[in-house]
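One structure is given here, and the rest of the page talks about it.
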Amino acid sequence: MYFPDEWFDIVACDRCGLGFVNPRPPVTDISRFYQNEYYDGFIEEDHSERYHEEASYLPDVADFDKTPLLLDIGCSVGDFPRFAATLNWHVEGVEPYCPVPIEDFTVYRQPFEKLTGIEDKFDAITAWAVLEHVHDPMAYFLKAGQALKKDGVFVFQVTNFNSLSSKRLFHEDVPRHIYFFTQKTVEEYLEAGGMELESSDFDDNIFSMGCRGALNYFYTRFIWRALYTWEDRPVAYPDFLNQRNLNRSPLSAVQFILKHPVTSLDRLFEPAFDRWQKLTGTYGMVTYKARKKH
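In the numbering used here, the protein residues as written are 1 to 294.
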């Protein structure tokens, strides 16, 4: 769900590499970009496989003397905390915006950085594709460091600002994505919060942001020597069919290839491009696991 009639500038800090929308949409205005259909996918789709992947980053419950406590920031409709509860975690959530009521576990209906009385409370804190949405990410890192017990883990996934997908291919969910992180930024923010990075996984096991359109970008920039714009994004095959009132068939596939040869080659090489990005730490999504220092 994009907003093609509105344009937003993204800039980057020369020192730490943090990217951000400039100017940022005011807190009082951002809710209009989160219409009800934004949450429909969380309600209607089965995400159990994703929850298995997310839970794999949590410590083993058997390592604790008593049932550990998890806080999921941005818990949406609450399904990941419910899944963690089946693994014998006590769970709580933070969700100030999603309108779906949650009554089977504690949910804080205010921004995470404004919570009080949670110091040294949690064994694990998770934030799945959340921190790029908040207006003050440093406050979230500081609060996470305060809320974790010693040796507690902070696991979060964000987009990778060092990726082609983020910087060049228009795959970021602007303006809902307000901030864009590099690993250098993440390490500095963790240090400020009294935590240290343990691992960084560049993959699509949880959320994906591959390099679809990379060949179109390189063709535009280095063959045509032109700027790559929103209008240069590759046409999707279903859109091609709709524009011409065609049905899926071998003939329509040939028509698409002839009309959009660069896009067709891009689709062919996309899996290889994505594998290369995962190996080189330049894939569009990254999951970080950090631990609170002693």
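We put the CB at the ideal spot given by N, CA and C, even for glycine.
Cβ pair count under 8 Å reaching 3, the stretch 143–150 against the stretch 165–174
Verdict: no, contact absent.
Measuring CB to CB, does residue 141 end up less than 8 Å from residue 192?
Cβ distance < 8 Å, so residue 141 and residue 192 count as in contact.
Tell me where the alpha helix (DSSP H) around residue 145 begins and ends.
Note, residue 145: alpha helix (DSSP H), 137–147.
Helix, strand or coil: how does DSSP classify residue 288 here?
DSSP places residue 288 within a strand segment (E or B) once states are collapsed to three.
Own chain residues within Cβ distance below 6 Å of residue 287, not counting five before or after:
The answer, listed in chain order, is 157 and 201.
Segments of 4+ residues assigned as alpha helix (DSSP H) that fall wholly inside the stretch 187–273:
You should have 214–218, 237–243 and 250–259.
Roughly how many angstroms lie between the CA atoms of residue 268 and residue 205, to the nearest whole one?
Each residue's Cα considered, the two are about 21 Å apart.
Those runs of the alpha helix (DSSP H) which lie wholly inside the stretch 48–80 and span at least 4 residues:
Segments of the alpha helix (DSSP H) lying fully in the stretch 48–80: 48–55.
Under the rule that 16 or more other beta-carbon atoms within 10 Å means buried, what is residue 95, buried or exposed?
The residue in question, residue 95, is buried, as its Cβ has 16 or more Cβ neighbours within 10 Å.
Other residues of its chain near residue 252: CB distance less than 7 Å, five sequence neighbours each side excluded
Once the five neighbours on either side are set aside, the close Cβ partners of residue 252 are 241 and 246.
Excluding the 5 residues preceding and the 5 following residue 257 in the sequence, name in chain order all residues of the same chain whose CB lies nearer than 6 Å to its CB.
Only 264 meet the Cβ criterion.
Residue 121 - DSSP class collapsed to helix/strand/coil:
Residue 121 falls in the coil class under three-state DSSP.
Could you tell me which residues DSSP pairs with residue 108 in its beta bridges?
Partner(s): 94.
Which term fits residue 84, buried or exposed, when burial requires 16 or more other beta carbons within 10 angstroms of its beta carbon?
Under a 10 Å Cβ-count criterion, residue 84 is classified as buried, with 16 or more other Cβ atoms of the shown protein chains found around its own Cβ.
Residues that DSSP places opposite residue 10 in a beta bridge:
BP columns for residue 10 point to 21.
Using DSSP with H/G/I as helix, E/B as strand and the rest coil, what is residue 184?
In the structure shown, residue 184 sits in a helix (DSSP, three-state: H, G or I).
DSSP three-state label for residue 85, please.
It is helical.
According to DSSP, is residue 159 part of a helix, a strand, or is it coil?
Three-state DSSP puts residue 159 in a strand.
Whole-angstrom C-beta distance between residue 182 and residue 17, which should lie under 8 Å:
About 4 Å separates the two Cβ atoms, so the contact holds.
Could you round the C-beta distance between residue 129 and residue 113 to whole angstroms and report it? I think they count as a contact, below 8 Å.
About 18 Å; that fails the 8 Å criterion.
Rounded to the nearest angstrom, what separates residue 47 and residue 270 at their Cα positions?
Taking the straight line from one Cα to the other gives about 24 Å.
DSSP has residue 126 in a bridge; who is on the other side?
DSSP, once it has assigned bridges, lists 72 and 155 as partnering residue 126.
In the DSSP assignment, find the alpha helix (DSSP H) that holds residue 164 and state where it starts and stops.
Element bounds for residue 164: 164–167.
Just confirm the distance between the C-beta atoms of residue 124 and residue 68, as a whole number of angstroms; I'd bet it's less than 8 Å.
Separation of the CB atoms of residue 124 and residue 68 is rounded to 7 Å, and the pair is thereby assigned contact status at 8 Å.
Other residues of its chain near residue 58: CB distance less than 8 Å, five sequence neighbours each side excluded
Taken in chain order, the residues that qualify are 70, 84, 87, 89, 124, 126, 153 and 155.
CA-to-CA distance, residue 244 to residue 180, given in whole angstroms
Residue 180 and residue 244: Cα-Cα distance of roughly 37 Å.
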